[in-house]
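**Q**
There are 2 protein chains.
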Amino acid sequence: MKLTDLQTDSIRSIKKLQAYMRKNSLDAFFCADIPNVRYLTTFSGTSGFCLVFRDSAYFITDFRYRTQADSHVASCETVIYTGNLFDFIRKKFFRRTAGKQPSIGIEDSLPVGTFGEAESKLTGCKFVRTSLVIEKLSSVKYKSEVKRIRRACSISGSAFDVLTQEDWVGKTEAELSAMLEFNQKILGASKESFDTIVASGPRGAMPHGVASAKDIEDDEFVTIDFGCFFDGYASDITRTFQTGPGVKPALMKIYQVVRDAQRKAIDAARAGVKARNVDRAARKHIEKHGYGKFFGHGTGHGVGLRIHELPRVSRISEDVLEEGNVITIEPGIYIPRLGGVRLEDDFLVTKDGVVQLSHFSKDADYYISTHGTH
Amino acid sequence: MKLTDLQTDSIRSIKKLQAYMRKNSLDAFFCADIPNVRYLTTFSGTSGFCLVFRDSAYFITDFRYRTQADSHVASCETVIYTGNLFDFIRKKFFRRTAGKQPSIGIEDSLPVGTFGEAESKLTGCKFVRTSLVIEKLSSVKYKSEVKRIRRACSISGSAFDVLTQEDWVGKTEAELSAMLEFNQKILGASKESFDTIVASGPRGAMPHGVASAKDIEDDEFVTIDFGCFFDGYASDITRTFQTGPGVKPALMKIYQVVRDAQRKAIDAARAGVKARNVDRAARKHIEKHGYGKFFGHGTGHGVGLRIHELPRVSRISEDVLEEGNVITIEPGIYIPRLGGVRLEDDFLVTKDGVVQLSHFSKDADYYISTHGTH
Numbered sequence: 011m012k013l014t015d016l017q018t019d020s021i022r023s024i025k026k027l028q029a030y031m032r033k034n035s036l037d038a039f040f041c042a043d044i045p046n047v048r049y050l051t052t053f054s055g056t057s058g059f060c061l062v063f064r065d066s067a068y069f070i071t072d073f074r075y076r077t078q079a080d081s082h083v084a085s086c087e088t089v090i091y092t093g094n095l096f097d098f099i100r101k102k103f104f105r106r107t108a109g110k111q112p113s114i115g116i117e118d119s120l121p122v123g124t125f126g127e128a129e130s131k132l133t134g135c136k137f138v139r140t141s142l143v144i145e146k147l148s149s150v151k152y153k154s155e156v157k158r159i160r161r162a163c164s165i166s167g168s169a170f171d172v173l174t175q176e177d178w179v180g181k182t183e184a185e186l187s188a189m190l191e192f193n194q195k196i197l198g199a200s201k202e203s204f205d206t207i208v209a210s211g212p213r214g215a216m217p218h219g220v221a222s223a224k225d226i227e228d229d230e231f232v233t234i235d236f237g238c239f240f241d242g243y244a245s246d247i248t249r250t251f252q253t254g255p256g257v258k259p260a261l262m263k264i265y266q267v268v269r270d271a272q273r274k275a276i277d278a279a280r281a282g283v284k285a286r287n288v289d290r291a292a293r294k295h296i297e298k299h300g301y302g303k304f305f306g307h308g309t310g311h312g313v314g315l316r317i318h319e320l321p322r323v324s325r326i327s328e329d330v331l332e333e334g335n336v337i338t339i340e341p342g343i344y345i346p347r348l349g350g351v352r353l354e355d356d357f358l359v360t361k362d363g364v365v366q367l368s369h370f371s372k373d374a375d376y377y378i379s380t381h382g383t384h
Numbered sequence: 011m012k013l014t015d016l017q018t019d020s021i022r023s024i025k026k027l028q029a030y031m032r033k034n035s036l037d038a039f040f041c042a043d044i045p046n047v048r049y050l051t052t053f054s055g056t057s058g059f060c061l062v063f064r065d066s067a068y069f070i071t072d073f074r075y076r077t078q079a080d081s082h083v084a085s086c087e088t089v090i091y092t093g094n095l096f097d098f099i100r101k102k103f104f105r106r107t108a109g110k111q112p113s114i115g116i117e118d119s120l121p122v123g124t125f126g127e128a129e130s131k132l133t134g135c136k137f138v139r140t141s142l143v144i145e146k147l148s149s150v151k152y153k154s155e156v157k158r159i160r161r162a163c164s165i166s167g168s169a170f171d172v173l174t175q176e177d178w179v180g181k182t183e184a185e186l187s188a189m190l191e192f193n194q195k196i197l198g199a200s201k202e203s204f205d206t207i208v209a210s211g212p213r214g215a216m217p218h219g220v221a222s223a224k225d226i227e228d229d230e231f232v233t234i235d236f237g238c239f240f241d242g243y244a245s246d247i248t249r250t251f252q253t254g255p256g257v258k259p260a261l262m263k264i265y266q267v268v269r270d271a272q273r274k275a276i277d278a279a280r281a282g283v284k285a286r287n288v289d290r291a292a293r294k295h296i297e298k299h300g301y302g303k304f305f306g307h308g309t310g311h312g313v314g315l316r317i318h319e320l321p322r323v324s325r326i327s328e329d330v331l332e333e334g335n336v337i338t339i340e341p342g343i344y345i346p347r348l349g350g351v352r353l354e355d356d357f358l359v360t361k362d363g364v365v366q367l368s369h370f371s372k373d374a375d376y377y378i379s380t381h382g383t384h
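Residue numbers (our numbering), protein chains in the order written: chain A, 11 to 384; chain B, 11 to 384.
#1: Pick out the complete beta strand (DSSP E) segments inside the stretch 61-145 of chain A, 3 residues or longer, and give them in chain order.
#2: Please determine if the stretch 83-91 of chain B and the stretch 51-71 of chain B are in contact, where contact requires at least 3 C-beta pairs separated by less than 8 angstroms.
#3: From B/Ala-184 to B/Tyr-91, what does the alpha carbon distance come to, in whole angstroms?
#4: Using the three-state DSSP reduction, which class does B/Asp-26 fall into: helix, strand or coil?
#5: Output the distance between the C-alpha atoms of B/Arg-48 and B/Met-262, rounded to the nearest integer angstrom.
#6: Verify whether the separation of the beta carbon atoms of A/Glu-155 and A/Gly-314 is less than 9 angstroms.
#7: Hey, which unbroken runs of the beta strand (DSSP E) at 3 residues or more fall wholly within the stretch 146-227 of chain B?
#8: In the DSSP assignment, find the unbroken alpha helix (DSSP H) run with B/Thr-380 in it and report its ends.
#9: Alpha carbons only, please: which of A/Asp-246, A/Asn-34 and A/Phe-137 is nearest the one belonging to A/Gln-366?
#10: Give me the DSSP bridge partner(s) of B/Ile-21.
#11: Output, in sequence order along the chain, the residues in the stretch 200-215 of chain A whose CB is closer than 7 angstroms to any CB in chain B.
#12: Would you please verify whether the beta carbon of A/Ile-296 is less than 9 angstroms from any beta carbon of chain B?
#13: If you pair each beta-carbon of the stretch 215-230 of chain A with each one of the stretch 217-227 of chain B, do three or more pairs fall below 8 angstroms?
#14: What are the residues in the stretch 119-149 of chain B lying within 7 angstroms of chain A by C-beta distance?
#15: Rounded to whole angstroms, what is the Cα-Cα separation between A/Arg-325 and B/Thr-174?
#16: Run down chain B in chain order and give the residues with a C-beta less than 7 angstroms from the C-beta of A/Phe-192.
#17: Alpha carbon to alpha carbon, how far is B/Asp-72 from A/Ile-276? Give it in angstroms, no decimals.
#18: Would you please state the rounded distance, in angstroms, between the beta carbons of A/Gly-115 and A/Val-150? I believe it to be under 8 angstroms.
#19: Closest to B/His-299 by C-alpha separation, out of B/Arg-286, B/Ala-271, B/Gly-282 and B/Asn-193, would be which residue?
#20: Going by CA-CA distance only, name the one from A/Leu-348, A/Phe-239 and A/Asp-171 that's closest to A/Lys-372.
#21: Quick one: measure Cβ to Cβ for B/Phe-240 and B/Ile-165, integer angstroms, because I've assumed they're closer than 8 angstroms.
#22: Could you tell me the alpha carbon to alpha carbon distance between A/Ala-79 and A/Asp-19, rounded to whole angstroms?
#23: Using a Cβ-Cβ cut-off of less than 8 angstroms, list which residues of the stretch 159-187 of chain A approach chain B; keep chain order.
#24: Determine the chain A residues that contact B/Ile-196 at a beta-carbon separation under 7 angstroms, and present them in chain order.
#25: Just the chain B side, please: which residues come within less than 8 angstroms of A/Ile-116 by C-beta, in chain order?
#26: Which value, in whole angstroms, describes the spacing of the CA atoms of A/Leu-320 and A/Gly-308?
#27: For A/Gly-302, does the three-state DSSP call read helix, strand or coil?
#28: Less than 7 angstroms between C-beta atoms, sequence neighbours within five positions excluded: which residues of the same chain meet that for A/Ile-296?
#29: Counting only C-beta atoms, is B/Val-220 closer than 9 angstroms to chain A at any point?
#30: Nearest to A/Lys-33 by CA position, among A/Phe-125, A/Thr-56, A/Lys-131 and A/Val-143, is which residue?
#31: Just to confirm, is the Cβ distance from A/Thr-253 to A/Tyr-377 under 9 angstroms?
#32: Can you tell me where the alpha helix (DSSP H) holding A/Ala-271 begins and where it ends?
#33: Run the CB neighbour count on B/Pro-346, radius 10 Å, all protein chains shown included, and call it buried at 16 or more, exposed below.
#34: Drop a sphere of 10 angstroms on the beta-carbon of A/Ser-81, count the other beta-carbons inside from all chains shown, and report buried for 16 or more, exposed for fewer.
#35: Is any heavy atom in the ligand SAM found nearer than 8 angstroms to the beta carbon of A/Val-172?
#36: Does DSSP put B/His-369 in a helix, a strand or coil?
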């Protein structure tokens, strides 16, 4: 069987985890977090576990997923369990460990109920809690992953282009959201990567204003934050456009500040730079114009198999950007009762700077200039 | 402020949890599971915690959700935390507990990382792991909840009706799925309640065949399993329709067996009956016709704030149906390489039987008889 690029890279992921295990004296690592399982195996189903030893790796699932696992999982040996998961694991993997007390890494995300079950069944084992191990490994993307993220960005961009050909004014936020999500799916996305935000007029002051029943009106700003999954990988894009020429000058001014702030952050980002300095570049510009207290969130985050990943790009981030990170840069200004502006794109971090993966006009009048006012 | 029906009922939910706490000698209960938090508070955001004492209850969230919490949460006092959550909880609630060692119930779904944090900060407290406490309470629905599920079912039914007016043949499964999801949103759903399944022809043999790039063809069965959220509550419906008169007789026969099996299960269901006997009623009919080994899943499950809830309606279920449960009844037969059939509706359990909440024709030829063959 010829392996796909993702399958080949999943073998590298297992090796990276095994290197971590050796360094941290772990005999085994148990992973139940679905995006992390996908990273280690390419398995896209919703029920499966990885049990990795220093020189072998197993994907454990139930009979429903046998066919899917057989055709997808190349990095691990697939084993099908029946009955209690940890009874099965004990019998298959930990039968002859008397006196050895193997140490098993578990993830912070594991539910306490599952952990309690593991403890009670795998009595000879020592469990070691770990935090963000696979999340850290997967924050540096393979080319195969960047390719998927780029494609997700491209689908989102095209879907948005189709949306700008529609008449927004008179439609509700929820209608625009439904249309945009439909466009993404028709263009090849499996689904939206999060609940689409459409926040128009004064609602634009809410950074997370999920699309509501409010009508889009003339001469207001509409902020649309959206994305999709393609082959497991996410895009995350925000645009703010005006629906007419009569948007208040105070808001038009904010628009330019946000646009320039995003530029400053883009210019500051490259491998080796502290992520908080990228945040700082955007924030400093916004503060300089007196809007500091209206920018209440971080400048960005990693994106990949999850919509929010490492590295964090915020004031308090301790992360340093690495070559292969894919991050969002998304400054915003939100003024209660008036409205808000946010611009967001996805970027691949390189040693010389960043490569923009998402593409769409950032002119505030894009919608009216291509579509016409009525 | 006049309370909504859901808000009034959330006050009852807190009281039910407090009764459980008294019965089980718990001084407090910490809930971090988002659907459970919603059940206790009506809060629809994605970040918030409940800390319930025997005679008071608190909803703990961060500043981003202050406005939303103030206007929604009636059952708890809202408190806004900053910094470390458990530092905040210790200072605010457990400062004067020296020597008392209050016992705090936690849920099995709590991540071990969060639990570890709680243990290290709330040093004077004793933690008691609980399993499915709020899940059990919320399996008996209030009228306010049934109303929302009924509406979700009604939106899904109308959206499906619109879909049957489209020409299916020649479209891909993914296109049908995108259109159906769009229809649900335009009709008032906030989103789909799970990834829509469209499994046509031989793909119908996969119980969970998420919509693919396969074209829908003439003279095959198409199984569509779909649902939406309305005001937080889910619908879950499956129909299998033929796209032409020439579906293989073996499959047409299976259709009738599944339809009759669903009827048997419906007739068996009422408050006081063991859920596994409802499963038994459907399964016995399918076994009698020789398809027992092709019905590899349970007959149904509860539905509400989650798409899968208590009670379980399966062979191994220990649950007894109660008045106010809302369950799916969804037998199916799946024959490798040939195809499959599943029919699913949502039902309110009463003392006399069940009331069907989802409505749509179950005639295999509904699509071709209303739409015409080409």
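Ideal Cβ positions, reconstructed from N, Cα and C, are used throughout, including at glycine. Bear in mind that the values here come from a model prediction, so they are computed numbers and not experimental data.
**A** This is what the structure gives:
#1: 66-71, 87-90, 113-117 and 136-140
#2: yes
#3: So the alpha carbons of these two residues sit roughly 44 angstroms apart.
#4: One detail in the question is off: residue 26 of chain B reads as Lys in this sequence, not Asp. Here B/Lys-26 sits in helix by DSSP.
#5: 43 angstroms
#6: yes
#7: 207-210
#8: 376-381
#9: A/Asp-246
#10: For B/Ile-21, which the question treats as bridged, DSSP gives no partner whatsoever.
#11: Taking 7 angstroms as the Cβ-Cβ cut-off against chain B, the residues of the stretch 200-215 of chain A that qualify are Lys-201 and Asp-205.
#12: no
#13: no
#14: Ser-119, Leu-120, Pro-121, Val-122, Gly-123, Phe-125, Gly-126, Arg-139 and Ser-141
#15: When rounded, the distance between both Cα atoms is 52 angstroms.
#16: For a Cβ distance threshold of 7 angstroms, residue set Ala-188 and Phe-192 of chain B lies close to A/Phe-192, ordered along the chain.
#17: 29 angstroms
#18: About 20 angstroms; that fails the 8 angstroms criterion.
#19: B/Ala-271
#20: Comparing alpha-carbon positions, the option among A/Leu-348, A/Phe-239 and A/Asp-171 lying closest to A/Lys-372 turns out to be A/Asp-171.
#21: 6 angstroms
#22: 16 angstroms
#23: Ala-184, Glu-185 and Ser-187
#24: Glu-185 and Ala-188
#25: Val-122
#26: If I take the Cα positions, the gap works out to 13 angstroms.
#27: helix
#28: Val-267, Ala-271, Gly-302, Phe-305, Pro-341 and Ile-343
#29: yes
#30: A/Val-143
#31: Taking C-beta atoms as the reference points, A/Thr-253 and A/Tyr-377 count as a pair closer than 9 angstroms.
#32: 259-278
#33: exposed
#34: exposed
#35: Ligands in the displayed structure: none, and consequently the ligand SAM is not present.
#36: coil
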